[in-house]
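Each remark here refers to the structure printed beneath this line.
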Amino acid sequence: MQLGGIQTQERYQILLQESLYMTDICLRDLKRDYVKETIALRREISELESCQQKALVILRDCIIRSHEKPLKYHSNIEKEGIQLCLADVEQAMLELGGSRLPSTNLLSERSSLSIHHELFSNPTKKSVCVQTDVTGEKMRMREHTKNRNDMDVDHNDVILIKDRLVEAMYDREVIEGMLSREQEKCCRLEKDKNDLHLELERTAKQRAELNDEVVALRNKIKKLTNALEKTASHKRNTNGNELIKPSMEVDADTFDTLRTNNALREQWVISLLDQEGIDHSGGVFNALCTYIEQLKSRCVTTEADRDLQASEARMLEMCLKTAADALEDALLHDERWRPRTTKSKHTTWHTKKFPGEEWDTVVANMPEGLAMAITHDVAAACHLPEEYVLDIDYRDDETGLYVSLTYDTIPQSPLKK
1 MQLGGIQTQE RYQILLQESL YMTDICLRDL KRDYVKETIA LRREISELES CQQKALVILR
61 DCIIRSHEKP LKYHSNIEKE GIQLCLADVE QAMLELGGSR LPSTNLLSER SSLSIHHELF
121 SNPTKKSVCV QTDVTGEKMR MREHTKNRND MDVDHNDVIL IKDRLVEAMY DREVIEGMLS
181 REQEKCCRLE KDKNDLHLEL ERTAKQRAEL NDEVVALRNK IKKLTNALEK TASHKRNTNG
241 NELIKPSMEV DADTFDTLRT NNALREQWVI SLLDQEGIDH SGGVFNALCT YIEQLKSRCV
301 TTEADRDLQA SEARMLEMCL KTAADALEDA LLHDERWRPR TTKSKHTTWH TKKFPGEEWD
361 TVVANMPEGL AMAITHDVAA ACHLPEEYVL DIDYRDDETG LYVSLTYDTI PQSPLKK
């Protein structure tokens, strides 16, 4: 039974070690992905909101200036006002991301209209005034239509960002559920460890009881041996000593009592040996000595197992503490790219290593996906839009993937306005 309990304890210990190892791996992966996605979404949302607010301020100032500024009949002044409005619109579109910038076509269209107006404008002063009013009205209508389109696009961007935030919150709930399940598994493992501690204590208590029984049996055997030797010596002296016959009769009664007690104790020892499955055909005394030796060896084995289980229990406690510390550190971890920025607001080449041995397969099969993933990672880590990440290059060796890149910072001129 004790051997079966020891094997069960060893099996529980192996299962505990494997479960803790898999739990550590899963926790590290979940925490890393969760922190990355959360930081990326928060930074992207804050940047887009700030850019949209600045763009709306710039567009509002442009519209107010275009409505409040009176029309001039001189073609150069009119062209300068149009160019100022277009520059403001271009800056607003840059703040919104730079992907929908219509400044070149619009500026060329306005320039052609201005040239056409200069070529056919001077028959009379009246025709100049009429054409200037028509041109100014068309400009105001087009700017108003353009501003409404930009506001619609901004509204669509906000809706997309909100949808993405909802998806991120759903992913966060899924990750938190997985994390709670892993914590419940750790609690179950902790409960199993406590059960093993209790079983170890019971085994130590049984061993102490067996030691006490062995000591008691040794004392009884010693007493019985001394009594038998005294009885045998008295029996040899009975025939030659007639003067001490009354005392011999008393010794005979004592001998009968001792023999009866000896027989009872021998039967008790035989029953104990039978219960333990020990052969006593060679003599009860020899079988009892063999049983005592077995108990001694069993006690030594039990002590060794107890020390081993105690050391493993301490190791499990250290592993659980390490996992808890890793969880707390992972929630606060923020790995960022830290390149050096020059005076021209353009970073120098920056390199980072991603460990692994199978990057050659990824590079060969999915180069575009790898480039998109690297761009997204850099944009999230450096807190800037993905359009500013430039010149991505990577090379593979036996130890990992080396990624080199440069990226531009957001220009300061829109921020000042």
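Residues 1 to 417 in full-length UniProt numbering are what the sequence shown spells out, letter by letter.
Each residue gets a CB set at the ideal place from its N, CA and C atoms; glycine is no exception.
All of these numbers come straight from a predicted model, not from anything done at the bench.
Quick check: what's the CA-CA separation for residue 402 versus residue 314? As a position in the sequence shown, residue 402 is number 402, starting the count at 1. As a position in the sequence shown, residue 314 is number 314, starting the count at 1. Going by the C-alpha atoms only, they are around 41 Å apart.
Status (buried if at least 16 other CB within 10 Å, exposed otherwise) for residue 58: Counting from one through the sequence shown, the residue named residue 58 turns up at place 58. The residue in question, residue 58, is buried, as its Cβ has 16 or more Cβ neighbours within 10 Å.
Through-space distance from residue 228 to residue 296, alpha-carbon basis: As a first step, residue 296 is located in the sequence shown; it is residue number 296 there, counting from the start. As a first step, residue 228 is located in the sequence shown; it is residue number 228 there, counting from the start. Cα-Cα distance, rounded: 27 Å.
Relative to the C-alpha of residue 368, which candidate in 354, 189, 394 and 224 has its C-alpha closest? As a position in the sequence shown, residue 368 is number 368, starting the count at 1. Comparing Cα-Cα distances from residue 368 to each of 354, 189, 394 and 224, the minimum goes to 394.
Decide if residue 44 is buried, meaning its Cβ has at least 16 other Cβ atoms within 10 Å, or exposed. Translated into positions along the sequence shown, residue 44 becomes position 44. The residue is buried, with at least 16 neighbouring Cβ atoms inside 10 Å.
If we ignore side chains and look at the alpha-carbon of each, how far apart do residue 366 and residue 19 end up? Along the sequence shown, one-based indexing puts residue 366 at 366. Along the sequence shown, one-based indexing puts residue 19 at 19. Using only the alpha carbons, I get a separation of about 34 Å.
Using DSSP with H/G/I as helix, E/B as strand and the rest coil, what is residue 461? This structure leaves residue 461 out entirely; the chain is present only between 1 and 417.
Whole-angstrom Cβ separation of residue 259 and residue 224, contact assumed at under 8 Å? What you label residue 259 is simply residue 259 of the sequence shown in a count that begins at 1. What you label residue 224 is simply residue 224 of the sequence shown in a count that begins at 1. Actually they are not in contact, since the Cβ atoms of residue 259 and residue 224 sit about 10 Å apart, beyond 8 Å.
Inter-residue Cα distance where the pair is residue 61 and residue 52: Here the question's residue 61 lines up with position 61 in the sequence shown. Here the question's residue 52 lines up with position 52 in the sequence shown. Spanning the two alpha carbons is a distance of roughly 14 Å.
Rounded to a whole number of angstroms, what is the C-alpha to C-alpha distance between residue 41 and residue 380? Position 41 of the sequence shown, counted from the start, is the residue given in the question as residue 41. Position 380 of the sequence shown, counted from the start, is the residue given in the question as residue 380. Rounded to the nearest angstrom, the two C-alpha atoms are 8 Å apart.
Collapsed DSSP secondary structure at residue 367 in the structure displayed: Locating residue 367 in the sequence shown gives position 367, where the first residue counts as 1. In this structure, residue 367 counts as helix in the three-state DSSP scheme.
Enclosing beta strand (DSSP E) for residue 394 [first to last residue]: Mapped onto the sequence shown, residue 394 falls at position 394. First-last of the beta strand (DSSP E) with residue 394: 389–396.
Should residue 191 be labelled buried (16 or more other beta-carbon atoms within 10 Å of its own) or exposed? Residue mapping note: residue 191 aligns to position 191 of the sequence shown, counting from 1. By the 10 Å Cβ count, residue 191 comes out exposed.
If you draw a straight line from the alpha carbon of residue 291 to that of residue 309, how long is it in whole angstroms? The count along the sequence shown starts at 1 and reaches residue 291 at position 291. The count along the sequence shown starts at 1 and reaches residue 309 at position 309. Residue 291 and residue 309: Cα-Cα distance of roughly 26 Å.
What is the rounded straight-line gap between the Cα of residue 179 and the Cα of residue 46? By one-based count along the sequence shown, residue 179 stands at place 179. By one-based count along the sequence shown, residue 46 stands at place 46. Roughly 27 Å separates the two Cα atoms.
Please state whether DSSP places residue 356 in a helix, a strand or coil. As a first step, residue 356 must be located in the sequence shown, where it is residue number 356. Note: residue 356 maps to coil in three-state DSSP.
Just mark residue 9 as buried or exposed, buried being the case when its beta carbon has 16 or more other beta carbons within 10 Å. Counting from one through the sequence shown, the residue named residue 9 turns up at place 9. That one is buried.
Within the same chain, show all residues whose beta-carbon is closer than 7 Å to that of residue 263, passing over the 5 residues directly before and after it, in chain order. Mapped onto the sequence shown, residue 263 falls at position 263. Contacts found: none.
Taking the straight line between their C-alpha atoms, what separation do you get for residue 13 and residue 187? Stepping through the sequence shown from its first residue, residue 13 is reached at position 13. Stepping through the sequence shown from its first residue, residue 187 is reached at position 187. Rounded to whole angstroms, residue 13 to residue 187 spans 15 Å at the Cα level.
Once DSSP output is grouped into helix, strand and coil, what is the label at residue 283? Here residue 283 refers to the residue found at position 283 of the sequence shown. If DSSP states are grouped into helix, strand and coil, residue 283 belongs with coil.
Buried or exposed (CB count within 10 angstroms, at least 16 for buried), residue 269: Taking the first residue of the sequence shown as position 1, residue 269 is located at position 269. When all chains shown are included, residue 269 counts as buried.
Taking its Cβ as the centre, do 16 or more other Cβ atoms sit within 10 Å of residue 213, making it buried, or is it exposed? Here residue 213 is taken as the residue at index 213 of the sequence shown, counted from 1. Per the 10 Å Cβ criterion, exposed.
Rounded separation between residue 261 and residue 207 - CA only: Position 261 of the sequence shown holds residue 261. Position 207 of the sequence shown holds residue 207. If I take the Cα positions, the gap works out to 28 Å.
Can you tell me the Cα-Cα spacing of residue 279 and residue 257, whole angstroms? On the sequence shown, position 279 is the one that residue 279 refers to. On the sequence shown, position 257 is the one that residue 257 refers to. The alpha-carbon atoms of residue 279 and residue 257 are separated by roughly 28 Å.
Taking Cβ to Cβ, would you say residue 211 is nearer than 9 Å to residue 289? Here residue 211 corresponds to residue number 211 of the sequence shown, with the count starting at 1. Here residue 289 corresponds to residue number 289 of the sequence shown, with the count starting at 1. It is not a contact, given that the beta carbons lie outside the stated cut-off.
Evaluate residue 170 with the Cβ neighbour count: other Cβ atoms within 10 Å of its Cβ, from every protein chain shown; 16 or more gives buried, anything less gives exposed. Within the sequence shown, residue 170 is the residue found at index 170, counting from 1. Exposed: under 16 other Cβ atoms inside 10 Å.
Anticipated Cβ contact below 8 Å, residue 386 with residue 376, distance rounded: Locating residue 386 in the sequence shown gives position 386, where the first residue counts as 1. Locating residue 376 in the sequence shown gives position 376, where the first residue counts as 1. Confirmed, about 7 Å.
So which of 6, 231 and 397 has the shortest CA-CA distance to residue 360? Here residue 360 refers to the residue found at position 360 of the sequence shown. Measuring from the Cα of residue 360, the nearest candidate turns out to be 397.
Alpha-carbon spacing of residue 177 relative to residue 319, whole angstroms: To locate residue 177, count along the sequence shown from 1; it is residue 177. To locate residue 319, count along the sequence shown from 1; it is residue 319. The alpha-carbon atoms of residue 177 and residue 319 are separated by roughly 22 Å.
Roughly how many angstroms lie between the CA atoms of residue 356 and residue 55, to the nearest whole one? Along the sequence shown, read from residue 1 onward, the residue named residue 356 stands at position 356. Along the sequence shown, read from residue 1 onward, the residue named residue 55 stands at position 55. Computed Cα separation, rounded: 43 Å.
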